[in-house]
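Asks:
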Amino acid sequence: MILMNDFKGEAPEMKQAMLDAVRRVIDSGWYILGPEVQAFEQKFAAFSQIPHAVSVGNGMDAIEIALRALDIGVGDEVVTTPMTAFATVLAVLRAGATPVLADIDPATGLLSPVSVKRCLTPRTRALLLVHLYGQVRDMDQWQALCNEAGVKLIEDCAQSHGARWNGCTAGSFGVAGAYSFYPTKNLGALGDGGALVTRDEALATRAASLRNYGQSERYIHPEIGLNSRLDEIQAAILAVRLDSLEASTEIRRSIARRYRDGITNSRVQLLAPPQQAASHVYHLFVLLSPHRDALQAHLKAQGVQALLHYPMPVHHQSSCADIRRDPTGLPGSESHAKHCLSLPCHPQMSDSDVQRVIDAVNNFAG
Ligand SMILES: *Cc1c(COP(=O)(O)O)cnc(C)c1O
Numbered sequence: 012m013i014l015m016n017d018f019k020g021e022a023p024e025m026k027q028a029m030l031d032a033v034r035r036v037i038d039s040g041w042y043i044l045g046p047e048v049q050a051f052e053q054k055f056a057a058f059s060q061i062p063h064a065v066s067v068g069n070g071m072d073a074i075e076i077a078l079r080a081l082d083i084g085v086g087d088e089v090v091t092t093p094m095t096a097f098a099t100v101l102a103v104l105r106a107g108a109t110p111v112l113a114d115i116d117p118a119t120g121l122l123s124p125v126s127v128k129r130c131l132t133p134r135t136r137a138l139l140l141v142h143l144y145g146q147v148r149d150m151d152q153w154q155a156l157c158n159e160a161g162v163k164l165i166e167d168c169a170q171s172h173g174a175r176w177n178g179c180t181a182g183s184f185g186v187a188g189a190y191s192f193y194p195t196k197n198l199g200a201l202g203d204g205g206a207l208v209t210r211d212e213a214l215a216t217r218a219a220s221l222r223n224y225g226q227s228e229r230y231i232h233p234e235i236g237l238n239s240r241l242d243e244i245q246a247a248i249l250a251v252r253l254d255s256l257e258a259s260t261e262i263r264r265s266i267a268r269r270y271r272d273g274i275t276n277s278r279v280q281l282l283a284p285p286q287q288a289a290s291h292v293y294h295l296f297v298l299l300s301p302h303r304d305a306l307q308a309h310l311k312a313q314g315v316q317a318l319l320h321y322p323m324p325v326h327h328q329s330s331c332a333d334i335r336r337d338p339t340g341l342p343g344s345e346s347h348a349k350h351c352l353s354l355p356c357h358p359q360m361s362d363s364d365v366q367r368v369i370d371a372v373n374n375f376a377g
């Protein structure tokens with residue numbers, strides 16, 4: 012079976028480097044908020060070309076902490092997308108704010124500016140923009156829209172590690188970017204992890220306090236925070252894995268190029284190509300098909316795992332039935348959820364794996 016992710020297939024050198032990192036932490040005798048976390052934060056900030064990175068427990072907390080550090084909470088509205096990991100919207104709810112769902116552009120799966128504008132009200136404080144599947148697009152337009160509307164731009168970068176648009180990295184376009192290091196992400200830990208990146212030093216300082224019980228100095232708590240810390244072992248592992256992120260992104264891009272060139276079946280439709288070579292990191296390679304369920308079953312029978320991102324838009328979750336949304340509805344998201352299918356696209360795939368996936372898609376007869 013060609014899997015969506017194949018961690019067991021990682022290079023032995025990578026496994027050894029991670030074991031060495033873990034041993035170093037064990038030998039240090041220091042496990043929380045120490046030198047490994049500090050070193051990784053600096054390394055990730057430098058990689059992202061953003062002055063500050065504050066590591067946290069996971070990607071969802073990174074969003075919640077960004078909102079709380081911006082004083083966005085009860086009574087405030089945050090516009091975001093229903094076509095995302097549930098954590099995006101859950102983070103807004105956890106911050107006490109009100110999510111408002113705008114529809115997507117069917118060509119990309121990303122938020123539609125027209126729908127976002129319909130969702131703006133005097134209470135809107137932020138746009139939480141998700142770089143879905145690893146795509147960063149139209150950032151000048153999003154910045155202009157947010158400036159005109161007087162709302163903060165926050166980026167959900169959980170799928171877009173290292174994506175660049177006009178030379179700037181995901182997370183640098185808005186006031187803050189939230190990263191997840193969940194194992195399946197393009198930069199993944201061997202457990203949970205996340206980070207908030209920002210150019211704003213005061214925001215970074217507040218986020219660092221919020222992640223650690225709202226503590227300003229030892230045993231002094233000027234505000235009500237969380238316990239959301241990256242641990243030393245995960246930080247050490249992430250520092251090792253960051254070294255090969257650029258190379259693994261290039262492999263993902265070359266797989267995507269082969270899919271784009273090789274998939275010719277008229278029963279499937281590809282999403283719009285990236286605007287710039289560096290602006291898509293292919294966390295997921297997603298196609299659309301009116302025969303999606305049959306195609307998924309066909310691929311499985313041919314030894315190819317394919318998954319759905321996402322099978323249900325957030326407003327169809329029973330816990331979110333009365334969530335606020337574009338008053339004209341969210342038909343783009345509903346259609347996308349019915350038709351989307353993600354193909355395996357990861358650095359452990361061989362050339363022949365990629366060809367097998369292409370052949371399996373092309374010989375699907377509907
Ligand atoms: C994975 C993901 C998250 C949540 O990250 P966790 O580390 O699992 O909390 C948030 N948003 C998006 C778009 C994601 O893909």
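Those letters in the sequence shown? Residues 12 to 377, per this note's numbering, in order. Note that the Cβ used here is the ideal one computed from N, Cα and C, for glycine as well.
#1: Where R336 and A106 are concerned, what is the direct C-alpha to C-alpha distance, given to the nearest angstrom?
#2: Helix or strand or just coil, what does DSSP make of I334?
#3: Under 7 Å Cβ to Cβ from F55, same chain only, skipping five residues before and after it: list those, please.
#4: Buried or exposed: G86, going by 16 or more other Cβ atoms within 10 Å of its Cβ?
#5: Please report how far the alpha carbon of A387 lies from the alpha carbon of Y321, in whole angstroms.
#6: Quickly, what does DSSP pair K163 with across the bridge? List them, please.
#7: Should D242 be listed as close to ligand 1, given that the test is whether its C-beta is under 7 Å from any heavy atom?
#8: Roughly how many angstroms separate the alpha carbons of G173 and V292, rounded to a whole number?
#9: Can you tell me which residues form a DSSP beta bridge with R175?
#10: Could you tell me which residues DSSP pairs with A187 in its beta bridges?
#11: Going by CA-CA distance only, name the one from M25, L14, A218, I13 that's closest to L201.
#12: With a floor of 3 residues, list each beta strand (DSSP E) that falls wholly inside the stretch 235–300, ordered by position along the chain.
#13: Just mark L30 as buried or exposed, buried being the case when its beta carbon has 16 or more other beta carbons within 10 Å.
#14: Taking C351 as the reference, give the member of S363, R222, M323 with the closest Cα.
#15: Starting from the Cα of I266, find the closest Cα among V67, L249, V251, C356 and give me that residue.
#16: On a Cα-Cα basis, can you pick out the residue from D304, S227, E243 that is closest to G236?
#17: With a CB to CB cut of under 6 Å and the five nearest residues on each side skipped, what residues in its chain are close to L354?
#18: Is G343 helix, strand or coil when you go by DSSP?
#19: Quick one: Cα of S361 to Cα of L299, how far?
#20: Where do the N-terminal and C-terminal ends of the alpha helix (DSSP H) with C130 fall, by residue?
#21: Only counting runs of 4 or more residues, tell me where the alpha helix (DSSP H) segments fall wholly within the stretch 201–231, in order along the chain.
#22: Mind checking whether S290 and R148 have CB atoms under 8 Å apart?
#23: According to the neighbour-count rule (16 or more other Cβ atoms, all chains shown, within 10 Å of its Cβ), is K19 buried or exposed?
#24: Run through the DSSP bridge pairs and tell me what A64 is partnered with.
Replies: The structure says:
#1: Between R336 and A106, the C-alpha separation is close to 18 Å.
#2: Here I334 sits in coil by DSSP.
#3: Within the same chain, and ignoring the five residues on either side of F55 in sequence, the residues whose Cβ sits closer than 7 Å to its Cβ are A64, A206, L253.
#4: Exposed, by the Cβ-count rule.
#5: Here the chain has residues from 12 to 377 only, and residue 387 is not among them.
#6: Bridge partners of K163: A137.
#7: Every heavy atom of ligand 1 is 7 Å or more from the Cβ of D242, so no.
#8: Rounded to whole angstroms, G173 to V292 spans 7 Å at the Cα level.
#9: R175 is bridged to T180.
#10: Listed as beta-bridge partners of A187 by DSSP are I165.
#11: Closest in C-alpha terms to L201, from the list M25, L14, A218, I13, comes M25.
#12: Counting only runs of 3 or more, we get 296–299.
#13: The residue is exposed, with fewer than 16 neighbouring Cβ atoms inside 10 Å.
#14: The residue with the shortest Cα to Cα distance from C351 is M323.
#15: For the options V67, L249, V251, C356, the alpha carbon positioned closest to that of I266 is the one of C356.
#16: Cα-wise, what sits closest to G236 is S227.
#17: For L354, where only same-chain residues beyond five positions count, the Cβ hits under 6 Å are F296, A317, V368.
#18: Look at G343 here: in three-state DSSP terms it is helix.
#19: Computed Cα separation, rounded: 24 Å.
#20: Boundaries of the alpha helix (DSSP H) around C130: 124–130.
#21: Correct list: 212–221.
#22: In this structure, S290 lies near R148, with their beta-carbon atoms less than 8 Å apart.
#23: The residue in question, K19, is exposed, as its Cβ has fewer than 16 Cβ neighbours within 10 Å.
#24: Its beta-bridge partners are V208.
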